[in-house]
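Note that the protein sequences, when read in sequence, are chains A and B. Counting in numbering that gives the first Met the number 0, the first sequence runs without a single skipped number right up to 453 at its last residue. Counting in numbering that gives the first Met the number 0, the second sequence runs without a single skipped number right up to 453 at its last residue. Let me begin by presenting the structure, written as structure tokens, before commenting on it.
Protein chains: 2
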Amino acid sequence: MNGQKKIVLSESQIPAQWYNIMAEMPNKPMSILHPGTKQALKPEDLYPIFAEELARQELNQTDMWIDIPEEVREKYKIYRPSPLVRATGLEKALDTPAHIYFKNESVSPVGSHKLNSALAQAYYCKKEGLTNITTETGAGQWGTAMSFAAKVFGLELAVYMVKISYEQKPYRRSLMQTWGAQVVASPSMSTKAGRKILTDHPTYQGSLGTAISEAIELAMQTPDCKYTLGSVLNHVSLHQTVIGLEAEKQMEIAGEYPDIVIGCFGGGSNFSGISFPFMRHNINDGRKTRFIAAEPASCPKLTRGVFQYDFGDEAGYTPLLPMFTLGHNFAPAHIHAGGLRYHGAGTIVSQLMKDGIMEAVDIQQLDSFEAGVLFARTEGIVPAPESSHAIAAAVNEALKAKEEGVQKTILFNLSGHGLVDMTAYDQYFAGDLTNYVLSDGDIAKNVSVLEKII
Amino acid sequence: MNGQKKIVLSESQIPAQWYNIMAEMPNKPMSILHPGTKQALKPEDLYPIFAEELARQELNQTDMWIDIPEEVREKYKIYRPSPLVRATGLEKALDTPAHIYFKNESVSPVGSHKLNSALAQAYYCKKEGLTNITTETGAGQWGTAMSFAAKVFGLELAVYMVKISYEQKPYRRSLMQTWGAQVVASPSMSTKAGRKILTDHPTYQGSLGTAISEAIELAMQTPDCKYTLGSVLNHVSLHQTVIGLEAEKQMEIAGEYPDIVIGCFGGGSNFSGISFPFMRHNINDGRKTRFIAAEPASCPKLTRGVFQYDFGDEAGYTPLLPMFTLGHNFAPAHIHAGGLRYHGAGTIVSQLMKDGIMEAVDIQQLDSFEAGVLFARTEGIVPAPESSHAIAAAVNEALKAKEEGVQKTILFNLSGHGLVDMTAYDQYFAGDLTNYVLSDGDIAKNVSVLEKII
């Protein structure tokens, strides 16, 4: 390391290709099924909703490397390559023999890794001749990323933002508007789906499921308009592999290789991004790196859910996905890591989990904030509440290494900063936050809905 | 450029020394005077308030280069060197032949350039054996920087935050608390100065002047405690020269030299930081670079103030400084660029202005936001309202170059991002912001107070 704190690559070292782990998986993900016919989906079935190239990427299980379009790489240069940082301050505070590194995705102008896929998606939509796109956003990370990406490629964007977030996270709404997006609180009167819910439940505070329904409906009814999504799907994970591909080169410069790779886990986009490029060396080269998905204890699909076909949305409109899930009707507690409140895991991660290629831990809300504050005070960056779950898992592993007296190399993904999440920190310091414990009975009850699906 | 968007230096290229322009100025700044005796101050006179090394730096007019302590350089590595970015998106939107570069100081974990001096000040305080420090903050940029710097060097910090900001900018307050500082709304009951004002005016919303008085009083009455300040003073400008020293190397890599260097202007810290290292080539090597301080039209000390001895604070407690000023009793409008609401300019900048080595422009509030939004939509980064003044000045120069059909190279300092200033953008989009026009009579009336001073 020669005393280096950050390992920085040049722009020419931005990856030229994304890594498609599906081509190398010992067991491929099971097919995505049409919800009506229960037949395996073909790319064409997805063309009405997604840009055609994205639909093809979604189901591509053969091409290991997919070229990143030059126009997208050009825009990546705005913030990529992101630094790999040795967390020397954190190591010292923990007095651990472990070497802790983090990939700093918070340097993106939108403050998170989400822009890696947003730029790709906006590019393919533009290239297909579209003029408009739609999306939904819960906590707001994806919506902000898509807002800037749409502007950069000259597309008009409508974002359906879950109403409770629209009201509680005004800064994220303002950011989207600053980048030029139309932001609508969901449920809204602008779609049939929204009007129906508002008629039945005038005070409904919204959900990701409803926002997805509204965004898809608007896309279907608007000429030259398609829908975009920021997590869970295979093409999103694909785009996020730039994180791990860069980190691989940077770890090599550091002269180390990770024993443990950690990402927080919502739908899987940032965990996949940091993990898959390293996982390929477990699959191919006999490496024994551990991959840990850090999910919130309040939404533990990987640690306590079941592997089953389930819908991607609450209302049950989407194709059926083979996934670890708590049931699409699962209503997670209102934790501050809004980006991790999703009932299922993407199909690739679910298969990898089933095959024992990766593992998962659940993190309590208070532990995530304790780790986040320690990180802020030692490394400077105030982490997003989502990212603090990865930090907490890294801290646990570093303390274990100390206890065992072994030098481990730990790499985690800092998916974003928390500068627009400060109300969450206020509530933590005020003692207003709690942990959430789910009983086995609660989980079994939710999961029981899956029996009727397939 | 070879298509490079960002020019990035390695950590070993972080400057080893700060540049002290006072050693090379054709006319040195006039003496700072004791307010009682009207005698020139010596460093010892400042020891009771400031760390001794900082007091010596403040009055050092002879040493051109001052070593940056290794411990400070080590902490600079958390975010430095900061990137120099070619604003290709902005250039394209303006359709200008000008090459526009910006130094991106928003990458600091606290979101602005203020950390460059905060780390240095915290280090010298710690080295002197202090355990506690105090400071004040208006908009909150300096307070957040000092909070992290104090934590990093193991000092306890008390921040007096102007009450109206404390209430209107809760995110900045939260950030300071997250980094472990004690934040007190000023005026407060914790000091004699605060109690007096609260007794006389129970609903007083606070001012920077009052907060300074409170912070100094607490420092004087606490053992092993001194006071720190984030702008105006010579030692602050000195520390900020890391910005321009890095930019100089980066422009060389880009194969260009700036025709114009621009910084927004409050007390002078970021303008000095980006300008002084380039200014030395005007002074010594016959370069003809123009240096433009971009100040708000609502607080135009450089463009419409007078050069006179004046107090640094509203109450008239500080030493007398030879400065361009609007009078220490000047009450600027409540523009959103809170960091630029200061009545005077630092003594070095004031002398340089007097000698015609630099110039200044005033920017209207609405023009600053228009430029800031254009920048966000083309370069991704949402700028701090303060920095948007520099962007507006750069846009004006780029459009002038287009009109004249000449290729100019423009460099400006992006002093910080605006992610915790989104309420300002909301108000801009809602049409709730206005311009401010000061009449000559208003200015003359304020300035008349100076006649009695010396």
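The beta carbon of each residue, even a glycine, is placed where N, CA and C say it ideally should be.
* Nearest-angstrom Cα separation, counted from Gly272(B) out to Tyr18(B) -> 9 Å
* Beta-carbon of Met0(B) versus every beta-carbon of chain A: anything under 8 Å? -> Because Met0(B) sits at a pLDDT of 46, beneath the cut-off of 50, its placement in the model cannot be relied upon, and the following sentence gives the value as read from the coordinates. Not one chain A Cβ lies under 8 Å of Met0(B).
* To do: With distances taken Cα to Cα, identify the nearest neighbour of His335(B) among Gly371(B), Arg85(B), Ala192(B), Gln60(B).
  => Checked all of Gly371(B), Arg85(B), Ala192(B), Gln60(B); the closest Cα to His335(B) is Gly371(B).
* To do: Just the chain B side, please: which residues come within less than 7 Å of Ile380(A) by C-beta, in chain order?
  => Pro108
* Closest to Glu245(A) by CA distance: which of Phe101(A), Asp223(A), Leu217(A) is it? -> Phe101(A)
* CA-to-CA distance, Met21(A) to Gln363(B), given in whole angstroms -> 55 Å
* Glu213(B) vs Gly193(B) beta-carbon contact at 8 Å -> yes
* N- and C-terminal bounds of the alpha helix (DSSP H) containing Val235(A) -> 233-253
* Which of the three DSSP states, helix, strand or coil, is assigned to Lys41(A)? -> coil
* Looking at C-alpha atoms only, which residue of Ser116(B), Ser187(B), Gly338(B) is the closest neighbour of His238(B)? -> Ser116(B)
* To do: Take the Cβ of Trp64(A) as the centre, count every other Cβ of all protein chains shown within 10 Å, and call the residue buried at 16 or more, exposed below.
  => Under this definition Trp64(A) is an exposed residue.
* Measure from the C-beta of Met175(B) to each C-beta in chain A and report whether the shortest distance is under 8 Å. => no
* Assign Phe310(B) to buried or exposed, taking buried as 16 or more other Cβ atoms, counted over all protein chains shown, within 10 Å of its Cβ. => buried
* Using 8 Å as the limit for Cβ to Cβ distance, is Ile20(B) near chain A? -> no
* Using a Cβ-Cβ cut-off of 8 Å, state whether Val348(B) counts as contacting chain A. => Taking CB atoms only, Val348(B) has no neighbour in chain A less than 8 Å away.
* Asked: Can a CB atom of chain B be found closer than 8 Å to the CB of Val372(A)?
  -> yes
* Asked: Listed from N- to C-terminal order along the chain, which residues in the segment 428-443 of chain A have their beta-carbon within a distance smaller than 8 Å of any beta-carbon of chain B?
  -> Phe428
* Looking at the unbroken beta strand (DSSP E) that takes in Ser185(B), where does it start and where does it end? -> 181-185
* Chain-ordered chain B contacts of Tyr424(A) [CB-CB under 7 Å] -> Ser173, Thr177
* Asked: Anyone know if the C-beta pair for Gly128(B) and Ser164(B) falls short of 8 Å?
  -> no
* Asked: When the Cα of Phe329(B) is compared with those of Leu93(B), Leu32(B), Val106(B), Ser206(B), which residue comes out closest?
  -> Ser206(B)
* To do: Kindly indicate if chain A contains any beta-carbon less than 8 Å away from that of Thr130(B).
  => no
* Asked: Of all the beta strand (DSSP E) runs that stay within the bounds of the segment 290-335 of chain B, which reach a length of 3 or more residues?
  -> 305-310, 319-324
* Just the Cα atoms here: how many angstroms apart are Gln38(A) and Tyr341(A)? -> Using only the alpha carbons, I get a separation of about 25 Å.
* Find out if the Cβ-Cβ distance for the pair Asp94(B), Ala15(B) is shorter than 8 Å. => no
* Where does Asn26(A) land, buried or exposed, given buried means 16+ other C-beta within 10 angstroms? -> The residue in question, Asn26(A), is exposed, as its Cβ has fewer than 16 Cβ neighbours within 10 Å.
* What is the C-beta distance between Val348(B) and Phe270(B), in whole angstroms, given that I count them as a contact (C-beta under 8 Å)? -> Rounded to the nearest angstrom, the Cβ distance from Val348(B) to Phe270(B) is 7 Å, consistent with a contact under 8 Å.
* **Residue from Phe277(A), Thr433(A), Lys225(A), Ala293(A) with nearest C-alpha to Pro47(A)** => Lys225(A)
* Asked: Which term fits Pro384(B), buried or exposed, when burial requires 16 or more other beta carbons within 10 angstroms of its beta carbon?
  -> buried
* **7 Å Cβ shell around Thr445(B) - same chain, five flanking residues per side excluded** => Sequence check: residue 445(B) is Asn here, not Thr. The residues are Leu325, Gly326, Asn328, Phe329.
* Asked: What's the call for Gln307(B), buried or exposed, on a 16-neighbour Cβ count within 10 Å?
  -> buried
* Proximity below 8 Å, CB of Ile13(B) to CB of Pro82(B) -> Contact flag unset, no.
* To do: Kindly indicate which three-state DSSP category Glu73(A) falls into: helix, strand or coil?
  => helix
* To do: Can you grab the Cα-Cα spacing for the pair Arg303(B) / Ile442(B), in whole Å?
  => 8 Å
* Asked: Can a CB atom of chain B be found closer than 8 Å to the CB of Val7(A)?
  -> yes
* **Beta-bridge pairing of Asp361(A) - partner residues as DSSP gives them** => Glu294(A)
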